[in-house]
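These notes are about the structure you will find just below.
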Amino acid sequence: MKGTIAVGPGDGIGPEIVAEGVKVLKAIEKKYGHEFKLDYFDMGGVSIDKHGTPLTDDAIETCRRADALFSGSVGGPKWDYPGAKVYTNTAGLRLRKIFDVYANLRPAKVYPGMEGCSSLKPEKVKGMDVIVVRENCGGAYFGEPKKQWTDKGVRWAVDTMLYSEPEIARILRVGFELARKRRKKLASVEKQNVTETGKLWRRMAIEMSEKYPDVELEHVLADACTAWLLREPTRFDVLVMGNLYGDIISDEASTVAGSLGMGSSAQLHGLGTDEEKPWGYYESAHGSAPDIAGKGIANPIATIMSAAHMLEYTYKLKKEADAIDKAVARVVLKARTADIMEKGMRQVGSAEMGDLIVKEIEKG
Ligand code: IPM
Ligand code: MG
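Shown next as structure tokens:
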């Protein structure tokens, strides 16, 4: 198989962890006889420094020509502060919108042996394996009006949580389809007690569930969901929710599962079922961690697993994706980066973690 991947390393720890993701992709190429052309582009602060904007038209063109987008994380105090002309994260948000990658799949699972990394008691998280399906192109992130203004000396700001029926339908469908392929449990998360979007969301989830009699649907209020994830994370399988809740709850889920450094993500234009184009934008869910940038200690697993999602969803290379997942599972039994370090393990940096995963892939 031949493919073209647009790679945007970004800022902070971005370039370090993306390098490990690329290392793993190269190992997959070699072992399974694939060929991935990598087209690098600037995004975020690095792009502001070089071109005066977080994302240039050229960069967007590079992405358009590729089958998939693979990126690090962007931002840092140099560029992002109240009053800055433009925040670095507008790069990623624009790419989400341009390519309409409305379904953001964010898995949070506990690898055997890593139960002790959670801030919860190990027995609470043992076997935790959830996927947050986050609506990625609408809701409070993009709804208009969205602005700040001053009226009679008083400053105001507004964001708008706006959802249309087709937007809710397509993300719910991804939730149901995914649940059907997994343990057949779907939690639909909203705030129907206070928001109109939540009321519509719940009504549509109930309507759609008629088409998925094999999937057990439960409705969970977003605040209660954060509590349930702390109390009993193993009760969930697939959780589907709006953009803002998904941002917050996916961070919680990956932290409960062990570390933000394990939080991968696949942003998809649908699941590739039906008529939809399986466009994908793959990046870790965590940030650019400027405090540890350049030290070579960041956990590259979220990015490496995001590369695995790319193989699975964009290239339909499930065997190769599973090979990466299995390699990670074996490596974390003995070696850990600082964020997931536990007694009895060998502490390694980003590059060594990447090397160990590559070795396991080679062994097969
Ligand atoms: C994420 C990030 C982004 C978001 C930021 C960087 C804009 O937190 O991907 O979860 O809020 O979506
Ligand atoms: Mg986030």
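Numbering of the sequence shown is given in this note's numbering, commencing with residue -16 and proceeding in unit increments.
Just so you know, even glycine gets a beta-carbon here, dropped at the ideal spot from N, CA and C.
Alpha carbon to alpha carbon, how far is residue j from residue i? Give it in angstroms, no decimals.
i           : j           : result
residue 28  : residue 80  : 20 Å
residue 328 : residue 100 : 12 Å
residue 22  : residue 49  : 8 Å
residue 128 : residue 120 : 15 Å
residue 347 : residue 299 : 19 Å
residue 304 : residue 250 : 16 Å
residue 94  : residue 314 : 10 Å
residue 73  : residue 211 : 32 Å
residue 113 : residue 153 : 20 Å
residue 115 : residue 252 : 16 Å
residue 174 : residue 126 : 17 Å
residue 189 : residue 10  : 45 Å
residue 15  : residue 308 : 16 Å
residue 214 : residue 205 : 14 Å
residue 40  : residue 218 : 45 Å
residue 30  : residue 42  : 9 Å
residue 248 : residue 275 : 21 Å
residue 88  : residue 34  : 31 Å
residue 185 : residue 130 : 28 Å
residue 181 : residue 110 : 30 Å
residue 108 : residue 209 : 15 Å
residue 64  : residue 141 : 19 Å
residue 193 : residue 162 : 14 Å
residue -16 : residue 1   : 22 Å
residue 12  : residue 32  : 33 Å
residue 265 : residue 326 : 32 Å
With burial defined as no fewer than 16 other Cβ atoms inside 10 Å of the residue's Cβ, what is the status of residue i: buried or exposed?
i           : result
residue 373 : This structure does not reach residue 373, given that the chain is present from -16 up to 347, and the question cannot be answered.
residue 139 : exposed
residue 197 : exposed
residue 136 : exposed
residue 59  : buried
residue 62  : buried
residue 216 : buried
residue 86  : buried
residue 26  : buried
residue 191 : buried
residue 225 : buried
residue 67  : exposed
Is the beta carbon of residue i less than 8 Å from the beta carbon of residue j?
i           : j           : result
residue 263 : residue 7   : no
residue 255 : residue 296 : yes
residue 221 : residue 172 : no
residue 54  : residue -7  : yes
residue -14 : residue 19  : yes
residue 71  : residue 105 : no
residue 124 : residue 76  : yes
residue 229 : residue 118 : yes
residue 183 : residue 223 : no
residue 164 : residue 199 : no
residue 289 : residue 267 : yes
residue 344 : residue 312 : no
residue 103 : residue 239 : yes
residue 91  : residue 207 : no
Can you tell me whether residue i sits near the ligand ZN, meaning its C-beta is under 7 Å from at least one heavy atom of the ligand?
i           : result
residue 234 : Of the ligands this structure carries, namely the ligand IPM and the ligand MG, none is the ligand ZN.
If you drop the 5 nearest sequence neighbours on each side, which residues of the same chain put their C-beta closer than 7 Å to that of residue i?
i           : result
residue 272 : -5, -4, 281
residue 269 : 56, 243, 244, 246, 285
residue 178 : 144
residue 330 : 319, 321, 324
residue 316 : 96
residue 241 : 93, 97, 100, 101, 323
residue 45  : -11, 22, 24
residue 301 : 295
residue 176 : 204
residue 341 : 6, 7, 10
Ignore the nearest five residues each way along the sequence and tell me which others in residue i's own chain have a CB closer than 6 Å to its CB.
i           : result
residue 337 : 3, 6, 283
residue 51  : -12, 263, 293, 297
residue 306 : 344
residue 157 : 86, 116, 254
residue 201 : 170
Sorted by chain position, which residues of the same chain lie with C-beta nearer than 8 Å to residue i's C-beta, five sequence neighbours on each side aside?
i           : result
residue -2  : -8, 55
residue 227 : 122, 123, 124, 144
residue 187 : 148, 151, 152, 155
residue 133 : 139
residue 279 : -1, 332, 333, 334
Entirely enclosed beta strand (DSSP E) segments - the stretch 47 to 106, minimum 3 residues:
51 to 56, 86 to 92
List in chain order: all unbroken alpha helix (DSSP H) runs of 4+ residues lying wholly within the stretch 137 to 218.
148 to 164, 179 to 192, 205 to 214
Length-filtered (3 minimum) beta strand (DSSP E) runs lying within the stretch 222 to 278:
249 to 251, 263 to 266
Report the residue ranges of all alpha helix (DSSP H) runs contained in full by the stretch 293 to 325; include only those spanning at least 4 residues, in chain order.
301 to 314
Can you list the beta strand (DSSP E) stretches of 3 or more residues lying completely in the stretch 7 to 54, in chain order?
18 to 23
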